[in-house]
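Participant: To start, I am sharing the structure in question, which I have written as structure tokens.
In the UniProt record's numbering, the protein residues as written are 1 to 559.
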């Protein structure tokens, strides 16, 4: 491959970092993070090696769903800053080699949005058809269709003033937009165009299947093919900026998920999250058996050339396990969330990885080594780089959306405000800021932060990890995953031990011979020769991992 291809299709080997501005850094001392604080910490992200910054919603909000109940798609929450501050962040990030994308949340609005206020004022209001209404009583039981079953028991809510029901897949205070209405589709395009004019390089699209389910939901509007609509959004975006991306939240089985990429043309979403692979990984960790990961990798459908998987260990929502069977989910719950308070919605966990693994640094590092070695684009949630934990005293999914821990001082260095004024309480106990923070780890060559920085650098030096398909290598140990990624003149073998016992892994790579060396990219001065018949034995400690660069005679690659 040509190394220049990696800048043309930059998203295929990017390192994405998701953060919530209001939880990241408070610079004006009011207890809420802001763009001023993010600007002061942008070099932390640059030093880590982040190449794409994903901002969670920063728009004006009724603040009943942590910013996802938006009251103005064109605005900036005044607690966080101004449009000028957003532009300054984008400009400064670009100077440090980072693109910026933001959440596009257009499946619904807040019920406080001016559109919905007008829509519910009268059946004849021009904004009425911006939402999905029905005059007939809805079906009695739609709880199975509700996204948050612990909070809602129906996807329809009666509006007393007009006597009709409006659709809401999420909370009742988040009415669904009617994307079958051409005016709504025009508004969504204008929202995208507006923020791209200010410098965004694309969007993480929230709840894509629910957004497209709304297409044609209202019989009074012209029907629109959902995938045709998604293609039109992609086309619009790329006319405005040829290298912008749509990163889609599509939590569906592989066969259905890849449909949202646009088939062989690849003209819908640019990237989709690998939800099946993530859930298989947790099942494998719970069992100490690599088979679920192997099965997921083999089940991955081929992607259009320009498309990509976004791989992840943790995101900002619950750690969903909804694609596992009931018995498989129970296994993961038993291993990593045995208490009911650790679970949410009956389908997921509201925990971060380090506490789930009892703080064992061997296991935590092995998991992140696995993440970065799998073909795809690794996506980090803020705090993962230092091994942050959760605060189970905080309700629901917000348990993992706690203030970033910058130092061991009051409030973890997040804010100078009294603790009672913070936007969320900091983590307590063994993962509190006095034990886990950026400042201490920056000075520790053996810290989690140092290790994550190494993973990022090695990933960026191995473009085949973002471009190649994966070959799972045969070997006799159930608790070991060995896989190889090759693209052009680059080839990397990664081996991971999911068990506590040390193991020696025999591998056979018939296309290699005794002139080849395996150079360990994560350990200095570790080289393993290849046998004449392409056989090699790799020793791993408990929860060990190795990245082995295949180096042939005359290779000019830096290792």
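Just so it is clear, CB atoms sit at the ideal spot from N, CA and C, and this is done for glycine as well.
Identify which residue in 147, 182, 131, 185 has its Cα closest to the Cα of residue 167.
Facilitator: Looking at the Cα atoms, 131 is the closest of the given residues.
Participant: Work out the CA separation of residue 301 and residue 267 for me, nearest whole Å.
Facilitator: Straight-line Cα distance between these residues: approximately 17 Å.
Participant: Is the separation between the beta-carbon of residue 547 and that of residue 492 shorter than 9 Å?
Facilitator: Their beta carbons are under 9 Å apart, which means residue 547 touches residue 492 by this criterion.
Participant: Compute the Euclidean distance between the alpha carbons of residue 118 and residue 136, then round it to the nearest angstrom.
Facilitator: For residue 118 and residue 136, the distance between alpha carbons rounds to 21 Å.
Participant: Which value, in whole angstroms, describes the spacing of the CA atoms of residue 215 and residue 207?
Facilitator: Because residue 215 sits at a pLDDT of 47, beneath the cut-off of 50, its placement in the model cannot be relied upon, and the following sentence gives the value as read from the coordinates. Distance between the alpha carbons of residue 215 and residue 207: 14 Å.
Participant: Compare the C-alpha of residue 77 against each of 56, 95, 91 and name the closest.
Facilitator: For the residues 56, 95, 91, the minimum Cα distance to residue 77 belongs to 56.
Participant: Let me make sure I understand the geometry here. Which of 514, 496, 322, 291 has the alpha-carbon closest to that of residue 538?
Facilitator: Looking at the Cα atoms, 496 is the closest of the given residues.
Participant: Taking C-beta to C-beta, are residue 402 and residue 384 nearer than 9 Å?
Facilitator: No, these two residues do not count as a Cβ contact at 9 Å.
Participant: Can you list, in chain order, the stretches of the alpha helix (DSSP H) that have 4 or more residues and sit fully within the stretch 4-36?
Facilitator: Whole alpha helix (DSSP H) segments, 4+ residues: 5-8, 21-24.
Participant: Quick one: grab the DSSP three-state call for residue 183.
Facilitator: Here residue 183 sits in helix by DSSP.
Participant: Could you pull out every unbroken alpha helix (DSSP H) segment of at least 4 residues lying fully inside the stretch 296-367, listed in chain order?
Facilitator: Entirely contained in the stretch 296-367, the alpha helix (DSSP H) runs reaching 4 residues are, in chain order, 326-336, 353-356.
Participant: Which residue or residues does DSSP assign as beta-bridge partners of residue 89?
Facilitator: Looking at the DSSP assignment, residue 89 forms no beta bridge with any residue, so it has no partner.
Participant: Classify residue 218: buried if its beta carbon has 16 or more other beta carbons within 10 angstroms, exposed otherwise.
Facilitator: Residue placement at residue 218 is flagged as unreliable, the pLDDT there being 49, under the threshold of 50; a coordinate-derived value is accordingly withheld.
Participant: Taking the alpha helix (DSSP H) that residue 239 belongs to, which residues open and close that run?
Facilitator: That run of the alpha helix (DSSP H) goes 226-240.
Participant: Write down every uninterrupted run of the beta strand (DSSP E) in the stretch 393-440 whose length is 3 residues or greater and which is fully enclosed by it, in chain order.
Facilitator: Within the stretch 393-440, no complete beta strand (DSSP E) run reaches 3 residues.
Participant: Please list the terminal residues of the continuous beta strand (DSSP E) segment that includes residue 545.
Facilitator: Element bounds for residue 545: 545-551.
Participant: Drop a sphere of 10 angstroms on the beta-carbon of residue 220, count the other beta-carbons inside from all chains shown, and report buried for 16 or more, exposed for fewer.
Facilitator: For residue 220, the pLDDT reaches just 43, beneath the cut-off of 50, and the residue's location in the model is therefore unreliable, although a value from the coordinates is still provided. It counts as exposed.
Participant: How big is the Cα-Cα spacing for residue 75 and residue 464?
Facilitator: Their backbone Cα atoms lie some 40 Å apart in a straight line.
Participant: Would you call residue 360 buried or exposed, if buried means 16 or more other Cβ atoms sit within 10 Å of its Cβ?
Facilitator: Its Cβ having fewer than 16 others within 10 Å, residue 360 is exposed.
Participant: Whole angstroms are fine: how far does the CA of residue 415 sit from the CA of residue 422?
Facilitator: Rounded to the nearest angstrom, the two C-alpha atoms are 8 Å apart.
Participant: How would you write the range of the beta strand (DSSP E) that residue 529 sits in, first residue to last?
Facilitator: From DSSP, the beta strand (DSSP E) with residue 529 extends over 527-529.
Participant: Since residue 63 is in the beta strand (DSSP E), which residue starts that stretch and which ends it?
Facilitator: Residue 63 -> no beta strand (DSSP E), and no H or E assigned at all.
Participant: For residue 274, count neighbouring C-beta atoms within 10 Å of its own C-beta (all shown protein chains included) and say buried if the count is 16 or more, exposed if not.
Facilitator: Its Cβ being crowded by 16 or more others within 10 Å, residue 274 is buried.
Participant: Round the Cβ separation of residue 107 and residue 236 to the nearest angstrom and send it over; I've been treating them as touching at under 8 Å.
Facilitator: At roughly 18 Å, the Cβ-Cβ gap does not stay under 8 Å, so residue 107 and residue 236 are not in contact.
Participant: Provide the residue(s) that pair with residue 103 in DSSP beta bridges, ordered along the chain.
Facilitator: Paired residues: 204.
Participant: With contact counted as at least three CB pairs below 8 Å, one residue from each stretch, are the stretch 83-93 and the stretch 30-41 in contact?
Facilitator: Yes, the stretch 83-93 is in contact with the stretch 30-41.
Participant: Assuming residue 297 and residue 470 form a contact by the criterion Cβ under 8 Å, report the distance between their Cβ atoms to the nearest whole angstrom.
Facilitator: Right, the Cβ-Cβ distance comes to about 5 Å (below 8 Å), so this counts as a contact.
Participant: Between the Cα of residue 396 and those of 332, 343, 370, spot the shortest distance and give me the residue it belongs to.
Facilitator: Closest option to residue 396, Cα to Cα, is 343.
Participant: Go to residue 381, then tell me how far its beta strand (DSSP E) extends in each direction, as first and last residue.
Facilitator: Counting along the chain, the beta strand (DSSP E) containing residue 381 begins and ends at 377-381.
Participant: Check residue 506 in the structure and name its three-state DSSP category.
Facilitator: Note: residue 506 maps to strand in three-state DSSP.
Participant: Just verifying my parser: in three-state terms, what is the DSSP assignment at residue 501?
Facilitator: Residue 501: coil per DSSP, three-state reduction.
Participant: Mind checking residue 234: buried by the 16 CB within 10 Å criterion, or exposed?
Facilitator: Flag for residue 234 reads buried.
Participant: What is the rounded straight-line gap between the Cα of residue 510 and the Cα of residue 536?
Facilitator: The alpha-carbon atoms of residue 510 and residue 536 are separated by roughly 11 Å.
Participant: Using only the alpha-carbon positions, how far apart do residue 68 and residue 145 sit?
Facilitator: Taking the straight line from one Cα to the other gives about 19 Å.
Participant: Confirm, please, whether the CB-CB distance from residue 39 to residue 85 is below 9 Å.
Facilitator: Taking 9 Å as the Cβ cut-off, residue 85 and residue 39 qualify as a contacting pair.
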